[in-house]
Structure formats: structure tokens, C-alpha cells
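Only one structure is covered here, and it is reproduced in the block below.
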DNA sequence: AATGGACAGTTACATTTGTGACCAACAGTG
DNA sequence: CACTGTTGGTCACAAATGTAACTGTCCATT
């Protein structure tokens, strides 16, 4: 019978690695701020772009709109972001970080970057190759074409 | 303000890639057999090792025991696997694939391997580097040390 | 302006997953 | 043997996520 070694199977390994890295990364923002991943993504996106609609956040951070909606509400209740209606299109709301939100963002970002750097440093010379390969994978897995269609 | 580009951030990219690849992979077994990922992992593990306890499956496939328990039940109801009590330890049950289960396994495995091969072929010469880098990442992310602690 | 389709965002409901309690069986100690 | 702690597995409940319907708004056509 043809066999498959699960532990060597690429989709499985990718999932496992992604989960483990995410889990470790949680130690960066978890203990201090108790964020979920969707909340972190919204925070990161708003920190990066200043002002944005929920729709645009979902597109950029590859999340389904309900996930964004819930994360936005949670962050709003925490007073980390504020909504204001858009003048151009009254269906959408423009979201921006409050000063509290920016403060949290400024606290987390250096830690996040340090975390990433540590990971890449540990990879040593292979780091560059990994990043190149991931870029290819992103294209192959048609992530570019989907633009937010992960939505999981 | 220090910024972070989410789309270039390693944990985010890994998650996104893993999700996209898993999603694509689903097209391999989804349309024909309608398996969930946990079910696929149990099937793959039993196909690989013939007979195993639920605990051992969880360890090998990095799943929490409740997830395994549910997947096992689903496969049992589908008559793809059978349980029998262990002689050595009457707490555990030895799980094996039925002939139906083996048949499904034999149908899916070649497709899975072809899927993986296609992915690696598309990566071209970078494929080997990716696999090497992933191996390193697996060690760095302490996956080896955890042995099933993903459990998500 | 009135009609109808598309779209941003929320909500309700269903499904999946995680957490902790639990049961029965083990294993060691006295 | 009891007694205690641990372990394989399940179950009930809670939390997270996906799906689909719905609201209000936009926009194109009439």
C-alpha cells in the first residue's frame, strides 16, 4: 500500500509550523495585552495605515468581514480604536486608533519585530532562502490572486 | 511611530500560506470524500502505522485529544476504522482502518503526494531550500520538544 | 424620483474547537 | 490489598469561527 508520512507532508508541516510560531508569538502580546489574533491583525493594520474601513482591513489582513467586525468591536470596547462615519460613503466607517490604541501598538511592535528577528537569526544564513521560498509559495498558492479570500 | 508591515510579518505570512495550502489541498480529498482536516490526519496516521491508540495518533498528528476523539468517532460511523480494546491496557483502544478505510486511504494518498509534488515542482530549485528551512523552523519553534503540544 | 442590483457592516444561527470535569483503569506505595 | 496519583478517553459546557440573512446606503437605469 502506498504510504504517506504525515510528519513530512508539506501542508501538514506548514500548518504545524504556522501554529507553533503563532503560539510563540502570542507570548509577545498575550501576557501584556491579551489580544486575540484577529484583534492583533486589526491593530497592526490600523497602526500601519492610520485610517481605514473595516472592509479594507479585512482585505489587507486576510480576514472575513465578520471576524473583522468582531475584532473591531472588541477593540472599540477597549477604547483602542474609534469609528467615524465616512463622508464619501455613509455605509462605511473610518476606523482609527485612539491614543491608547497607538500606545499599545507602539509597545507591541518592537517586541513583534524582535521576535521575528530572533526567529530569522536562529535560522542563520537560511533565513533569506526561506523568505524567498515563502514569496514563491505565496504566489503559487494563489494568495496574491485571492486578496483576502483566506477569510478563515 | 515604529511600524510593522503585516503582510511581510513572518507569523502572519506563515499562517496565510498554511491556510491557503490547506485550502487548496482540501480540493484533493474534499470533493470525493468530504473529510475534515482532523479526520484526514487520523486516516493518514492509521494508514501509516496500521494500528494505534487515540493518544498515539494525537501525539503523531499534533492534535488535542478531544479533536482526535471526535475525528475517530466520525470515521468509525463512516465505517472507515474499527476499535478494539487493548489487552495490555484496558483504558485504551487500538484503532485500525477497515477495508473501506484502507480503500479510501489508497485513493487519497496518491492524490496527496501528487499535490505536494506539484507544489514543489512549481517552486523549482528553491524547493529543496524551503524544505531545509522548514526543518530548521520546526526545530526553532520547538515543535520537536513539544511532541503534540500544538493540540489546536 | 422610482426601481433594482451591489455593497459595508451587523446580527442570528450553526458548526467547530478549546477547557475542564469526569470515569474507568493503571501503577506505585504503604 | 487499600490509598493515592496518573492516564486514556469521553462528555458537557464555553468560546471562536463560518454562513446566511438582513439593514441601510450607494449607484445605475428608467
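Chains as they are written, first to last, in the working numbering: chain V, 33 to 184; chain X, 33 to 184. Just so you know, even glycine gets a beta-carbon here, dropped at the ideal spot from N, CA and C. Being a predicted model, the structure only gives us computed values, none of them experimental.
- For the stretch 33-98 of chain X, the full-length alpha helix (DSSP H) segments reaching 4 residues or more read 42-65, 69-81 and 86-93 along the chain.
- Nearest in C-alpha terms to residue 37 (chain X), of all of V:163, V:145, V:167 and V:161, is V:145.
- At least 9 angstroms separates the beta-carbon of residue 166 (chain V) from that of residue 163 (chain X).
- Restricting attention to beta strand (DSSP E) runs no shorter than 3 residues, the stretch 106-163 of chain X encloses them at 113-117 and 125-129, ordered along the chain.
- Against chain V, the beta carbon of residue 93 (chain X) has neighbours under 7 angstroms at 38, listed in chain order.
- An exposed status is given to residue 135 (chain X), since fewer than 16 other beta-carbon atoms sit within 10 Å of its beta-carbon.
- Three or more Cβ pairs closer than 8 angstroms define a contact, and the stretch 69-87 of chain X falls short of that threshold against the stretch 113-130 of chain V.
- At the C-beta level, residue 107 (chain V) and residue 90 (chain V) stay beyond 9 angstroms of one another.
- Residue 97 (chain V) and residue 97 (chain X) have their C-alpha atoms spaced approximately 31 angstroms apart.
- In the three-state DSSP reduction, residue 173 (chain V) falls in the coil class, being neither helix nor strand.
- Pairing residue 69 (chain X) with residue 58 (chain X) gives a Cβ-Cβ distance under 9 angstroms.
- About 13 angstroms separates the CB atoms of residue 55 (chain V) and residue 172 (chain X); that is not less than 8 angstroms, and the two are not in contact.
- Inter-residue distance for residue 34 (chain V) and residue 142 (chain X) is about 7 angstroms (C-alpha atoms, whole angstroms).
- Among the residues facing chain V, residue 53 (chain X) is included, as its CB has a counterpart in that chain under 9 angstroms away.
- Across the structure, residue 44 (chain V) and residue 122 (chain V) are spaced so that their CA atoms are roughly 44 angstroms apart.
- Of the other Cβ atoms in all chains shown, fewer than 16 fall within 10 Å of the Cβ of residue 109 (chain X); this residue is therefore exposed.
- The beta carbons of residue 130 (chain V) and residue 82 (chain V) sit about 12 angstroms from each other, so the pair does not count as a contact at 8 angstroms.
- Contacts with chain V (Cβ-Cβ distance below 9 angstroms) from the stretch 126-143 of chain X involve 134, 137, 138, 140, 141 and 142, listed in chain order.
- Separation of residue 149 (chain V) and residue 64 (chain X) (C-alpha to C-alpha, rounded to the nearest whole angstrom) is 43 angstroms.
- In terms of beta-carbon proximity, residue 164 (chain V) lines the interface with chain X, with at least one pair separated by less than 9 angstroms.
- Setting aside the 5 residues that flank it on each side, residue 159 (chain V) is surrounded in the same chain by 152, each with a C-beta closer than 6 angstroms to its C-beta; the list follows chain order.
- At a beta-carbon threshold of 8 angstroms, none of the residues of chain V lie near residue 106 (chain X); the nearest stands roughly 18 angstroms away.
- For residue 113 (chain V) against residue 104 (chain V), the beta-carbon gap comes to about 7 angstroms, under 8 angstroms, which counts as contact.
- Among the CB atoms of chain X, one or more fall inside 9 angstroms of the CB of residue 43 (chain V).
- Residue 60 (chain V) is not a Cβ neighbour of residue 169 (chain X), given a cutoff of 9 angstroms.
- Less than 9 angstroms divides the Cβ of residue 39 (chain V) from the Cβ of residue 92 (chain X).
- Cβ atoms of residue 126 (chain X) and residue 85 (chain X) come within 8 angstroms of each other, at about 6 angstroms.
- Looking only at V:111, V:71 and V:88, the smallest Cα-Cα distance to residue 102 (chain V) is reached by V:71.
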